[in-house]
Amino acid sequence: MSRVNQLFCSSAARPKAGRNCRLGVAALEAREVPATFVANIFDDPFFFTADGLSLRQAISRANANPGPDTIVLKAGTYTQSLVGNDNTNAAGDFDVIGPLTIVGAGPGSTVITGNHTDRLFDVIGPGTVRFSDLALIRGGTTALNGGAVQALSANIVLDNVLAVENLGQTGGAINAEGGAVTVRRSQLLTNSAAQE
Numbered sequence: 138m139s140r141v142n143q144l145f146c147s148s149a150a151r152p153k154a155g156r157n158c159r160l161g162v163a164a165l166e167a168r169e170v171p172a173t174f175v176a177n178i179f180d181d182p183f184f185f186t187a188d189g190l191s192l193r194q195a196i197s198r199a200n201a202n203p204g205p206d207t208i209v210l211k212a213g214t215y216t217q218s219l220v221g222n223d224n225t226n227a228a229g230d231f232d233v234i235g236p237l238t239i240v241g242a243g244p245g246s247t248v249i250t251g252n253h254t255d256r257l258f259d260v261i262g263p264g265t266v267r268f269s270d271l272a273l274i275r276g277g278t279t280a281l282n283g284g285a286v287q288a289l290s291a292n293i294v295l296d297n298v299l300a301v302e303n304l305g306q307t308g309g310a311i312n313a314e315g316g317a318v319t320v321r322r323s324q325l326l327t328n329s330a331a332q333e
């Protein structure tokens, strides 16, 4: 008897020599499958193209995929340029709605900049959002909280991150309202907040 037949046939139903057993299909529980998205377009288009993914497009794909996902950023400068005020990731800050890891090629190689038009990231959903091996530069305005990152309820982890020249009304680099903030091997330099 083949190993497959042994797995799917009970001992009472196992065939005698020369007979076949009917194989069955069992339903599995629903599973969240983490995905990895690679961003290799450095400007900030919202609409998808066949050329690859921008950071905004990768975040939109991660937002649409249940479960914790990873975005890998190639070396280069990712510039946030779509102006707008929404929580759908269509414009303005990069809106994250669930657990996510964003990893670059190192803070001297992978840079995310906002040129002070909006905060860089607005983490709207729960879970943990990790930033690793990248730089967060010139995010925020004095009218917004959290120049680089605002988290309403999520945990934020900065690991080997350089946060420079970010500004906000509160939380020049990070404004965390409900979750924990963990900073490892990172530098937060010349960030400022109007109300601190």
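Take the position in the sequence shown, starting the count at 1, then add 137; the result is the number in this note's numbering. Every residue gets a Cβ at the ideal spot worked out from N, C-alpha and C, and that includes glycine.
Range of the contiguous beta strand (DSSP E) that encloses residue i
i: Ile293; result: 292 to 301
i: Gly277; result: That residue, Gly277, is in no beta strand (DSSP E); it is neither H nor E in DSSP.
i: Leu237; result: 237 to 240
i: Ile249; result: 247 to 250
i: Gly213; result: 213 to 216
Between the CA atoms of residue j and residue i - distance to the nearest angstrom
i: Ala330; j: Gln306; result: 5 Å
i: Gly308; j: Val162; result: 54 Å
i: Ala242; j: Gln332; result: 34 Å
i: Thr214; j: Leu295; result: 18 Å
i: Thr327; j: Thr207; result: 29 Å
i: Phe183; j: Arg193; result: 7 Å
i: Gln324; j: Leu271; result: 11 Å
i: Thr319; j: Asn292; result: 8 Å
i: Ala317; j: Thr265; result: 9 Å
i: Ala212; j: Ala280; result: 31 Å
i: Phe268; j: Ile239; result: 5 Å
i: Pro205; j: Ala195; result: 13 Å
i: Ser218; j: Arg322; result: 29 Å
i: Gly283; j: Ala187; result: 33 Å
i: Leu299; j: Pro171; result: 27 Å
Beta-carbon contacts of residue i that lie in its chain and below 7 Å, excluding the five residues immediately before and after
i: Gly189; result: Asn177, Ile178
Residue i, enclosing alpha helix (DSSP H) - first and last residue
i: Ser197; result: 192 to 201
Residue i at chain D interface by Cβ criterion, 8 Å
i: Leu237; result: Annotation note: the requested chain D is absent from the structure, which comprises a single protein chain.
Secondary structure of residue i, DSSP reduced to three states
i: Ala317; result: coil
i: Ile261; result: coil
i: Leu268; result: A small correction: the amino acid at residue 268 is Phe; Leu does not occupy that position in the sequence shown. Note: Phe268 maps to strand in three-state DSSP.
i: Thr173; result: strand
i: Asn312; result: strand
i: Gln324; result: strand
i: Leu273; result: strand
i: Leu304; result: strand
Sequence-distant residues of the same chain with beta carbon closer than 8 Å to residue i, five excluded per side
i: Asn224; result: Asp232, Asp259, Ile261
i: Val220; result: Ala228, Gly229, Thr254, Asp255
i: Asn200; result: Asn226, Asp232, Val233, Ile234, Gly235
Other residues of its chain near residue i: CB distance less than 6 Å, five sequence neighbours each side excluded
i: Arg198; result: Phe174
i: Arg275; result: Thr250, Gly251, Asn252, His253, Glu302
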